[in-house]
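This report refers to the structure that appears directly beneath it.
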Amino acid sequence: MRKFKFLLLCCSALSVSATPSFAQDSQASASAEQDYYSRNKYVAVTDRVQEAFDPVEMNWGAFVAQPEFNVGVTSDSNLFASETNEESDIVTHIGAGLDVRSNWSQNELGFSVAGRQNEYADFSNESNFGFRSKLRGRLDVSRTLSVRGEAIYEDNTEDRTLIANSTANVEPIQFGVAGGTIGADYQNDRTRLSAQVSIADRNFDDGRDAAGAEFDQDFRDHTTTTSTVYASYALTPNIAAFAQATATNLDYDIETVSGGTVSNRDSSGYNLQGGVDFELSSLLRGRVGIGYLENDRDDENLQDIDGVTVDGQVQWFPSQIVTVTFDASRRVEDQGLIEAPNAIATRFGLRADYELRRNVILSAAGLLGELDFDDDARSDDFTELSLSATYKLNRRVHLDAFARNIERDSDGFLNNVGQPFQKNVIGVGLSLYPY
């Protein structure tokens, strides 16, 4: 609670230091007054275009491209997120990325790729390489209807702070994600409709301990299928009401054995929400939804989950150079444990961004969260506080720095995994845009 109060003080300080009298950026024109879904009265600090300092895209005929190279150094005070075995290390990050998109007046095609090598100075077993790629496209069938799709492939490494990444593993768990989404969007005056289906297949590599024994992770391999239908009606040019229904199916590759009992971890569920999205003259913009969720297990020995669901983000613009963002969510998540497959994750976030100068942005952020596991087997509380700064030297060189404090407290019989911990992470990074 002391840390959360500290966060509020940081955000307040940023607000007070801003110029109290201002004229908000506005890109709306008279012809757009009847655009019932225009949400551009205010410009967030991190979204503001600074032509003298923002990277310039490369023109490739019918396409534009944005390459990026980055390098950074991070100091981690508790590398293994452990309560009893705190080890510090220095990590060097080297990465590159490329985003390409079409510049056509209609339809769109694009792709992006990025990779990063993380090298640990003392604990070389922790070194890893991450890769992600995406192919995306949109077909404008008419002025009001479009169809879109994307395909993704990622090769990732689990962070040591995640509960499933046991400290007994001499290397962090590697996993891959492959999948795609197809959807359609319709908008006509006051009405918006959309529908989409997403599939993601996750495959986890096995871990090992210091003696070379294998930590089998095959029980975590699964495919998630998510279907969403969304409908919105604009009550005024500034407020729209919406309803959303999401159905989710988790299909695990194998059954698991825990305590001599075979368990089927497959599940299906739904999430129903209603809410509003808005941009008000009172300097507020956002989207807030609340509803009901239910998650049913195929195995009758596992407890079903139901309750309130929340998903929202609200931005406040106290001045032209300050943006304050509030986030809240409550949903069911798989934590990668055999004993307690799912947990209800509740998160509240607060962030303030302050434009000290056109090319210097200071930020303070905080996160409070809770994980409630199946059958009250365990409950975790976690907090994260951070300060960061971005200095855009010019269009080609950007400098970033951050300091972050992360803590987790656990209560329950699953304390053999995901120990309580506290850690501090400090880092600096340099982003280069060659064009």
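Residue numbers (this note's numbering): 4 to 438. Don't be surprised by glycine CBs; every beta carbon is placed ideally from N, CA and C.
Helix, strand or coil at R407 according to DSSP, with G and I counted as helix: In the sequence shown, counting from the first residue as 1, residue 407 sits at position 404. Here R407 carries a strand assignment [DSSP, helix/strand/coil].
Residue range of the unbroken beta strand (DSSP E) whose run includes E153: Within the sequence shown, residue 153 is the residue found at index 150, counting from 1. It spans 148-160 - the beta strand (DSSP E) in which E153 sits, taken as one unbroken run.
Identity of the residue in D301, E86, R151, Q323 nearest S201 by Cα: For the purposes of this step, residue 201 is taken as residue 198 along the sequence shown, with counting starting at 1. Relative to S201, the option among D301, E86, R151, Q323 whose CA is nearest is R151.
The segment 79-99 contacting the segment 134-145, beta-carbon criterion three pairs below 8 angstroms: Contact between the segment 79-99 and the segment 134-145 is absent, because fewer than three Cβ pairs lie under 8 angstroms.
Sequence ranges, beta strand (DSSP E) only - wholly within the segment 301-331, length at least 3: The DSSP assignment places complete beta strand (DSSP E) segments of no fewer than 3 residues inside the segment 301-331 at 308-322, in order along the chain.
Endpoints, beta strand (DSSP E) assigned at K426: If you number the sequence shown from 1, residue 426 lands on position 423. In the DSSP assignment, K426 falls within the beta strand (DSSP E) that extends over 424-435.
Simplified DSSP assignment, three categories, for V48: Residue mapping note: residue 48 aligns to position 45 of the sequence shown, counting from 1. It is helical.
Separation of T164 from S413, as counted between CA atoms: As a working note, residue 413 is residue 410 in the sequence shown. As a working note, residue 164 is residue 161 in the sequence shown. Looking at the backbone, the Cα of S413 and that of T164 are separated by about 13 angstroms.
Where R163 falls: helix, strand or coil (DSSP): Here the question's residue 163 lines up with position 160 in the sequence shown. Looking at R163 - three-state DSSP - the assignment turns out to be coil, as it is neither helix nor strand.
Three-state class that DSSP yields for D38 in the structure shown: In the sequence shown, residue 38 corresponds to position 35, counting from 1. Under the three-state reduction of DSSP, D38 is assigned to coil, being neither helix nor strand.
Backbone secondary structure at F1 - three-state DSSP: This structure gives no information on residue 1, because the portion of the chain shown stretches from 4 to 438.
For S91, three-class secondary structure by DSSP: For the purposes of this step, residue 91 is taken as the residue at position 88 of the sequence shown. S91 sits in coil when the DSSP states are folded into three classes, being neither helix nor strand.
Inter-stretch contact (C-beta, 8 angstroms, three-pair minimum) for the segment 74-81 and the segment 265-284: In short, these stretches do not touch, since the Cβ pair count stays below three.
I176 and D221 closer than 7 angstroms at C-beta: By one-based count along the sequence shown, residue 176 stands at place 173. By one-based count along the sequence shown, residue 221 stands at place 218. No; because the gap between Cβ atoms is not below 7 angstroms, this pair is not in contact.
S32 versus A234: straight-line alpha-carbon distance, rounded: For the purposes of this step, residue 32 is taken as residue 29 along the sequence shown, with counting starting at 1. For the purposes of this step, residue 234 is taken as residue 231 along the sequence shown, with counting starting at 1. Because the pLDDT of S32 is 41, which lies under 50, any placement of that residue in the model is unreliable, and the number read from its coordinates should be weighed accordingly. Cα to Cα, S32 sits roughly 27 angstroms from A234.
Status (buried if at least 16 other CB within 10 Å, exposed otherwise) for A440: The chain is shown from 4 up to 438; residue 440 falls before or after that span and cannot be answered.
Inter-residue Cα distance where the pair is A99 and T326: Residue 99 sits at position 96 when you count from the first residue of the sequence shown. Residue 326 sits at position 323 when you count from the first residue of the sequence shown. Taking the Cα positions, A99 is about 29 angstroms away from T326.
Per-residue burial, A65 [other beta carbons within 10 Å of its own, 16 or more giving buried]: Taking the first residue of the sequence shown as 1, we reach residue 65 at position 62. So A65 ends up on the exposed side.
Local Cβ density within 10 Å of S284, reported as buried at 16 or more and exposed below that: Here residue 284 refers to the residue found at position 281 of the sequence shown. By the Cβ-count criterion, S284 is exposed, with fewer than 16 other Cβ atoms from all chains shown falling within 10 Å of its own Cβ.
Under 7 angstroms between C-beta atoms of Q190 and T147: Translated into the one-based positions of the sequence shown, residue 190 becomes position 187. Translated into the one-based positions of the sequence shown, residue 147 becomes position 144. T147 is positioned such that its CB atom lies closer than 7 angstroms to that of Q190.
Own chain residues within Cβ distance below 6 angstroms of K395, not counting five before or after: Residue numbering aside, residue 395 sits at position 392 when the sequence shown is read from its first letter. Sequence-distant Cβ neighbours of K395 in its own chain, meaning closer than 6 angstroms and more than five residues away, are F56, N362, H401.
Classification of V52 by the beta-carbon crowding that lies within 10 angstroms, buried from 16 upward: For the purposes of this step, residue 52 is identified with residue 49 of the sequence shown, where counting begins at 1. Exposed, by the Cβ-count rule.
Given G339 as reference, the closest of D208, L296, A368 once Cα atoms are compared: Here residue 339 is taken as the residue at index 336 of the sequence shown, counted from 1. Of the candidates D208, L296, A368, D208 places its Cα closest to the Cα of G339.
E358 in three-state terms, based on DSSP: One-based indexing of the sequence shown puts residue 358 at position 355. Strand.
Outcome for A216 when other beta-carbon atoms lying within 10 angstroms are tallied against a minimum of 16: As a working note, residue 216 is residue 213 in the sequence shown. Exposed, since its Cβ has fewer than 16 Cβ neighbours within 10 Å.
Residue span of the beta strand (DSSP E) that contains Y438, given as start and end: Position 435 of the sequence shown, counting from 1, holds the residue named residue 438. Taken as a continuous stretch (DSSP letters only), Y438 belongs to no beta strand (DSSP E), as it is neither H nor E.
Whole-angstrom distance between S382 and V67, CA atom to CA atom: For this step, residue 67 is matched to residue 64 along the sequence shown. For this step, residue 382 is matched to residue 379 along the sequence shown. Taken atom to atom, the span from the alpha-carbon of V67 to that of S382 is near 48 angstroms.
Opposing strand residues paired with L287 [DSSP bridges]: Counting from one through the sequence shown, the residue named residue 287 turns up at place 284. BP columns for L287 point to L283, W319.
Assumed close pair G292, G315 - CB separation to whole angstroms, cut-off 8 angstroms: Position 289 of the sequence shown holds residue 292. Position 312 of the sequence shown holds residue 315. Right, the Cβ-Cβ distance comes to about 6 angstroms (below 8 angstroms), so this counts as a contact.
Reduced DSSP category for D412 - H, G, I as helix; E, B as strand; rest coil: Residue mapping note: residue 412 aligns to position 409 of the sequence shown, counting from 1. In the structure shown, the three-state DSSP call for D412 is strand.
Simplified DSSP assignment, three categories, for F83: Numbered from 1 along the sequence shown, position 80 holds the residue referred to as residue 83. Coil at F83, not helix or strand.
Option in R399, L371, A154 with minimal Cα separation from E387: For the purposes of this step, residue 387 is taken as the residue at position 384 of the sequence shown. Checking every option, the nearest Cα to that of E387 belongs to L371.
Range covered by the beta strand (DSSP E) that runs through T239: Here residue 239 refers to the residue found at position 236 when the sequence shown is read from its first residue. Per DSSP, T239 belongs to no beta strand (DSSP E) and is neither H nor E.
Inter-residue spacing [alpha-carbon to alpha-carbon] between Q109 and S41: Residue mapping note: residue 109 aligns to position 106 of the sequence shown, counting from 1. Residue mapping note: residue 41 aligns to position 38 of the sequence shown, counting from 1. Taking the straight line from one Cα to the other gives about 19 angstroms.
Proximity of N267 and D299 at Cβ, strictly below 7 angstroms: Your numbering for residue 267 matches position 264 in the sequence shown. Your numbering for residue 299 matches position 296 in the sequence shown. Not in contact: N267 and D299 (Cβ atoms no closer than 7 angstroms).
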